[in-house]
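Participant: Count the sequence shown with the UniProt record's numbering and you get residues 1 to 83, in order.
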Amino acid sequence: MVLSSTLTFVYPTHFSRSFPAVILYYDYILTFRDEYNLYWTSKTRFSFATVLFYLNRYATILGHIPMLALGFGSWFHTDRLQT
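Right under this line is the structure:
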């Protein structure tokens, strides 16, 4: 009984937090080849535009990792469940 009520509490709250991250990482996977061809192999590696591109792209990824860890790190805390 406790396990089923725990799973009922877990699915709607925690898995709905992962959807934006899944879409974000899927987009990164799809566009990685273009990024490699356009930015990593270019002769002018560090211009102002490329630095802004890297900051925008990778700060977003690094910003989602702690949010996912916080969201999924507290899955089975049964003290939050109402009995």
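Just so you know, even glycine gets a beta-carbon here, dropped at the ideal spot from N, CA and C.
Being a predicted model, the structure only gives us computed values, none of them experimental.
1) Is the beta carbon of Y39 less than 8 angstroms from the beta carbon of F19?
2) Once DSSP output is grouped into helix, strand and coil, what is the label at T31?
3) Pop quiz: L24 and T50 are said to be a contact at Cβ under 8 angstroms. What is the actual Cβ separation, rounded to whole angstroms?
4) Could you give the DSSP three-state label for T41: helix, strand or coil?
5) Roughly how many whole angstroms lie between the Cα atoms of Y36 and V22?
Facilitator: So, from the listed chains and residues:
1) no
2) T31 falls in the helix class under three-state DSSP.
3) Not confirmed; about 21 angstroms, so no contact.
4) coil
5) 21 angstroms
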